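Notes for the one structure printed next.
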Amino acid sequence: MKKRIIRESLLASTIIGGAALSFMAATPAFAQSAEEEVSEVSSIVVTGSRIRQPGYEAASPIASVSSEDIALSQPVAIEELVKDLPAAVPAVGSATNNGSGGGATINLRGLGTNRTLVLINGRRVVPFNLSGVVDTNTIPVALVERIDTVTGGASAVYGADAVAGVVNFILKNNFEGVEFSSSYGFSGEDDAVRRKFDLTVGGNFAEDRGNAVVSFGYTKTDPLYQDRRPWGTVARSSTTGAPLGSGTSVPGRFGVTPFQVKDADGNVIPELSGTPLPSGAELDPTTGALIGSNHPNYNSAGYNYNPYNLYQTPLSRYQINALGSFKINPAAEVYSHLSYVQSDVSLDNASSGTFGNVYSVPIGNPFIPDAMRQQLCDALMIGANKCVSGPGGDTMMDLTINRRFTEMGTRPVDIENKTVQLLAGVRGDFNPDWNYDAYISHGETQQLTTRRNWGSLSKLKNALNTVSADQCLVPGADPATGGIAGCVPINVFGPEGSITQEMIDYINLSSMSKVTIKQDVASGSISGVLPERLSSPWSERPIAIAFGAEWRRSSAATRGDEAAQTNGEVLGTGAPVPDREGQFEMREAFAELAIPLIENLPFIHSLNLEAGYRQTEFKAAGVTSHYGSYKLGGDWSPIEDVRIRAMYQRATRAPNIGELFNPQVTGLNNRAEDPCQQGLINPADANKAGTLSNLCRLTGVPDGNIGNVAPPNSGQVNVLTGGNPNLGPEEADTWTIGAVWQPAFVPSLRLSVDYYDIKVDKTVGSPSVDDILNGCYSTTLNPNLEFNEFCKLIGRNTKNGSLNGVESKGVTLLSSNLGNDRVSGFDLAGNYRVELADFGWGDIGRVDLSVNGNIVTRFESQADPNSVLRDCVGYYSVSCGEPKVKQRWSSRATWSMGDYSASLQWRHLSGVEVEPSNTKWFPDYAQIDSYDYFDLSGRWDITQTVRLTATINNLFDKAPPMVGSQIGSTSANNGNTFPQTYDAIGRYFTFGATLKF
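Sequential numbering from 78 applies to the sequence shown in my numbering.
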């Protein structure tokens, strides 16, 4: 495996490096350059528009992160930096273990990663998953000049996906020299190590008409398990605060549906019915009997899975990027960008197990302790002559088993992402007023997922269905010929150690699946200014225009081995991965106008109008649809110091391949309680209309299990999800209005405030688990507890009535175009530079102050007209997901003097609380106070070629809030906290060195 990786990496580096270095014939000696120059064309390109005109400033607000800010933060992945921007909400990243797809993504405004468009130099990047989302691990940090963020919709300019906005990574251009940088980071506990190395080589050639750059990068991060921190040692219940792990534990827990006889009124006749097992029935190895939750030997905490889960997922990443350009003449400059990235992410999970599935087991299974066997016989009314060990005990029973295979070890998941992107283009000037830019690109991503040590459901069933301890012999089979070849009976009826290595070897199973994404893009645009006679008579500047066309085709396919495609076959998997494929194609035409209307009049220093339109033809699944996106806005400066800007945009997002073509599969989602679990219902009310017990029976709880339904295993329930080929585009109406103040009397001061309002209609989405379960079982939403439309969407385990196990299809959460989302708020920013000498403090440098903040006033979401319209501002929950803080601020003060600088960053998150619901949460976990983090950085330019940087993140070692592990969504809430939102690692030191020649 390792040799293959090395061979492929060398091959990729040879191809890409050779392509770029072929430009570099007769390259002169490398020139030293502290700051790389930016070409004339790129210097006047504004993110959020294709118009290229000196002095043009778009009406949409743009936030930028400079290369100096990136250098001070020293991230190993760009996601670490972007997720802390005020306009962003943490998405899947390095702190995501359960629910990670092996990538690091960006979520602007909290509207979803699939509604945030990620670009490199204004051009699309191939996605890494079926949701059309870009893995930011593919972004070459060493080459990033700045990061531009445009929020509030940009579909008229860039096309679909730019509903919440655009994150545009601008790469260094015309790099000259050799730059080697490395960083090494570790926590205050001397763990969670991160290493990063980058080598960039570039230079001009052909009398500076051409430039070529090659960059090599390697990143490696070590795992950090949750038990290495006090807040993660034990999985805790979000409802009680007590230790509460998984019900799939060791010793195991077991259940059967007791035999029942009822009278004419539906009441159970006790003397003719079986004796129910104790509540929570757990095996006591000392006696061999099943004990209830009130027994002193009962393990009420369950199995503690936290020590085997991660706060920092290990990453190994290789990056090779090559950029080249050559100016043939003023009318034509060819350019290219080739990249190869291999990003290997390793996740880990607690040991596999039976996970609440129902198994056919003969009462004579010889591993069942005698005391437990008698209890099972009493529950099922099995006579004494059949209640024996061995072939005589041939009565079959449906036995719910929750036994953890700790003898097997953990369940690693290895995700290997390979991304190749090739881009070639030509740009140039027709004349001084008109220019063009056209390019084609092809990108491919392959994601190989390998699950190791998970176990096989079919083999486990074989190993349990036996009346012999020596061979898998079903009741009635001939011992001489009836055994299943190679099968080893398994003992799940004992303490840890009762499962031998031979047993493990038989049931063990590893599985592989592969996702392939391809994207082809051809795009061309022309930009220029109209003749002077068409300009406004009150303005000296001409009307600027840009127009063009774009074609894009995306395809995806998944392939898996037989186990990966079979529901439940890989024990403990959230969902199968059936083979599927799909494709869509888009043809688009677009145009933009920038019209200067008035200049240099009283109270109108300048007044400008901006407009754009994009027409789209979308083809998928044999259906063609047409829709348009547009924008209209402008800016007004009553005086030179003040600029007021406003923009309205109609943004669109076409459904991605996953939303269109995903098959219906059963997976997992967080849920702390099942409304029908254990003592919440009782047999006496099972046939009384208007009672919860009756409704639970109507939704699939067998009569004999009423009062004994197991709670959600590990705080998770089954859910049924899938795509919909009939989905149409989403439509978003976006308003932004704001003002910028740059006073002439304080030239280094810049203040801005912008209001945004994004309303998305026809959203592609599905109701939450809470929407469905509350809609059915809550007396607030269903006062008479009748079997309603929500109840029809609940698929319980047909054997035991729970929401776990392969017999439960789960809560149905299928996609539709019936939802709507709306977010609104304010963005505030300020920058100020102080030359200390101006205050008489001598030549001791300068101080740069900056502050960026986001105040959210609305975060509404409704999956469909029958779902709850919830406003998640200031809340966290399974439905709201990660904390939707009302205020998020990032402030930085940087002192610079010659070769030295020091910087202090202050990050603030306002307090949040759990979303109100019927669930009674543990009071200490029901709210999170405001959080403040401080990061300290320092830089020393030892010489013109050597720079040292040191960073301390979370300077005061602030611990994350504890909320348990069932209070938020699966991917966001783990390790008793929200590790993507709050720092679960603690104080972190990073030291870096850069050599530049």
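Note that the Cβ used here is the ideal one computed from N, Cα and C, for glycine as well.
Quick caveat: nothing in here was measured; it's all calculated off a predicted structure.
- [ ] Tell me, please, whether the segment 479-489 touches the segment 503-521 by the rule of three or more beta-carbon pairs shorter than 8 Å.
- [x] Taking 8 Å as the limit for Cβ pairs, the verdict is that the segment 503-521 does not touch the segment 479-489.
- [ ] Compute the Euclidean distance between the alpha carbons of V1075 and N881, then round it to the nearest angstrom.
- [x] In the structure as shown, the chain starts at 78 and stops at 1074, and residue 1075 therefore has no counterpart that could be examined.
Task: Assigned secondary structure, M449 (DSSP; H/G/I helix, E/B strand, else coil) - done: In the structure shown, M449 sits in a helix (DSSP, three-state: H, G or I).
Open item on the list: Quick check on this structure: which residue in N250, N494, V950, V244 has the alpha carbon closest to the alpha carbon of V418?
Closed with: The candidate whose alpha carbon is nearest that of V418 is N494.
- [ ] Could you name the residues of the same chain whose beta carbon sits closer than 6 Å to that of F864, not counting the 5 residues immediately before and after it, in chain order?
- [x] Excluding residues within five positions, the ones whose Cβ falls inside 6 Å are L775.
Open item on the list: Could you give the first and the last residue of the continuous alpha helix (DSSP H) run that contains Q642?
Closed with: 639-642 is the extent of the alpha helix (DSSP H) around Q642.
TODO: Could you spell out the range, first to last residue, of the alpha helix (DSSP H) harbouring I1075?
DONE: Outside the shown range of the chain (78 to 1074) lies residue 1075, about which nothing can therefore be said.
TODO: Consult DSSP for G872 and reduce its assignment to one of helix, strand or coil.
DONE: In the structure shown, G872 sits in a strand (DSSP, three-state: E or B).
Open item on the list: Does L87 come out as helix, strand or coil in the three-state DSSP assignment?
Closed with: Caution applies to L87, whose pLDDT of 37 falls short of 50 and renders its modelled position unreliable; the model cannot decide the point.
Open item on the list: Give the list of continuous alpha helix (DSSP H) stretches no shorter than 4 residues that lie fully inside the segment 914-986.
Closed with: With a minimum length of 4 residues, no continuous alpha helix (DSSP H) run stays inside the segment 914-986.
- [ ] Return the CA-CA distance between L1079 and G1015, expressed in angstroms with no decimal places.
- [x] The structure shown does not extend to residue 1079, since the chain spans only 78 to 1074, so no value can be given for it.
Task: Burial state of T743 (16 or more Cβ within 10 Å) - done: Residue burial annotation: T743 is buried, with at least 16 other C-beta atoms found within 10 angstroms of its C-beta.
- [ ] Starting from the Cα of H985, find the closest Cα among N1031, T798, Y953 and give me that residue.
- [x] Nearest of N1031, T798, Y953 to H985, Cα basis: N1031.
TODO: Mind reading off the beta-carbon distance from G887 to V796? Whole number of angstroms is fine, and I expect it under 8 Å.
DONE: The pair is a contact, with the Cβ atoms about 5 Å apart (cut-off 8 Å).
- [ ] Within its chain, find whatever has a CB closer than 7 Å to the CB of L858; leave out the 5 residues flanking it on each side and keep chain order.
- [x] If you ignore the 5 residues before and after L858, its C-beta comes within less than 7 Å of the C-beta of N851, G852, all in its own chain and listed in chain order.
TODO: Taking the CB atoms as reference points, tell me whether R201 and S518 lie closer together than 9 Å.
DONE: Yes; because the gap between Cβ atoms is below 9 Å, this pair is in contact.
TODO: Leaving aside the five residues before and after V569 along the sequence, list all residues of the same chain whose C-beta is less than 8 Å from its C-beta, in chain order.
DONE: Excluding five sequence positions before and after V569, the CB atoms of its chain that fall closer than 8 Å to its own CB belong to G329, T431, F444, I478, R480, L541, S575, I576, given in chain order.
Task: Cβ neighbour criterion (16 or more within 10 Å) applied to R722 - done: By the C-beta density criterion, R722 is buried, having at least 16 other C-beta atoms within 10 angstroms.
- [ ] Mind reading off the beta-carbon distance from V911 to S1046? Whole number of angstroms is fine, and I expect it under 8 Å.
- [x] Rounded to whole angstroms, the Cβ separation of V911 and S1046 is 44 Å, and the two are not in contact under 8 Å.
Task: Runs of beta strand (DSSP E) lying entirely within the segment 690-724, each at least 3 residues, in chain order - done: For the beta strand (DSSP E) assignment, the uninterrupted runs of no fewer than 3 residues enclosed by the segment 690-724 are, from N- to C-terminal side, 700-714.
TODO: Would you mind sorting V291 into buried or exposed? The rule is 16 or more other CB atoms within 10 Å of its CB.
DONE: The residue in question, V291, is buried, as its Cβ has 16 or more Cβ neighbours within 10 Å.
Open item on the list: Can you find the residues in the same chain that come closer than 6 Å, C-beta to C-beta, to R618, ignoring five residues on each side of it along the sequence?
Closed with: Take R618, set aside five residues on each side of it, and the residues of its chain with a beta-carbon closer than 6 Å to its own are P673, in chain order.
Open item on the list: Using the Cβ count rule (16 or more neighbours within 10 Å means buried), how would you classify T1058?
Closed with: In this structure T1058 is buried. Its beta-carbon is surrounded by 16 or more other beta-carbon atoms within 10 angstroms.
TODO: Would you kindly check if the distance between the Cβ of V719 and the Cβ of A816 is under 9 Å?
DONE: Closer than 9 Å, so yes.
TODO: Please list, in chain order, all residues of the same chain as S612 whose beta carbon is under 8 Å from its beta carbon, the five residues on each side excluded.
DONE: Cβ neighbours of S612 beyond the five flanking positions: R618, P619, I620, P673.
- [ ] Report all residues from its chain with a CB closer than 6 Å to the CB of G170; omit the five preceding and five following residues, and keep chain order.
- [x] Excluding residues within five positions, the ones whose Cβ falls inside 6 Å are E156, A181, Q1057.
Task: Contact set for A906: own chain, Cβ-Cβ below 6 Å, skip 5 residues either direction - done: Around A906: S829, N929.
- [ ] Could you tell me which uninterrupted beta strand (DSSP E) segments, each at least 3 residues in length, are contained entirely in the segment 409-477, listed from first to last along the chain?
- [x] Those beta strand (DSSP E) runs which fall completely within the segment 409-477 and span 3+ residues are 409-424, 435-439.
- [ ] Would you mind reading off the limits of the beta strand (DSSP E) that contains F738?
- [x] Run containing F738: none in the beta strand (DSSP E); it sits in the alpha helix (DSSP H), 734-738.
Task: Distance between G179 and R528 (C-alpha atoms, nearest Å) - done: One C-alpha to the other measures close to 13 Å.
TODO: Within 10 angstroms of the Cβ of W531, are there 16 or more other Cβ atoms? Answer buried if so, exposed if not.
DONE: W531 comes out buried.
Open item on the list: Using 9 Å as the threshold, is the C-beta distance between P960 and I1005 below it?
Closed with: Yes, they are a contact pair.
- [ ] Can you tell me which of the three DSSP states P673 falls into?
- [x] Assignment of P673 by DSSP, reduced to helix, strand and coil, places it in the strand class.
TODO: With DSSP collapsed to three states, give me the class of L757.
DONE: Taken through DSSP and simplified to helix, strand or coil, L757 comes out as helix.
Task: Length of the line joining the Cα atoms of D925 and P204 - done: Cα to Cα, the separation comes out at about 37 Å.
Task: Own chain residues within Cβ distance below 8 Å of G189, not counting five before or after - done: Excluding sequence neighbours, G189 sits near A241.
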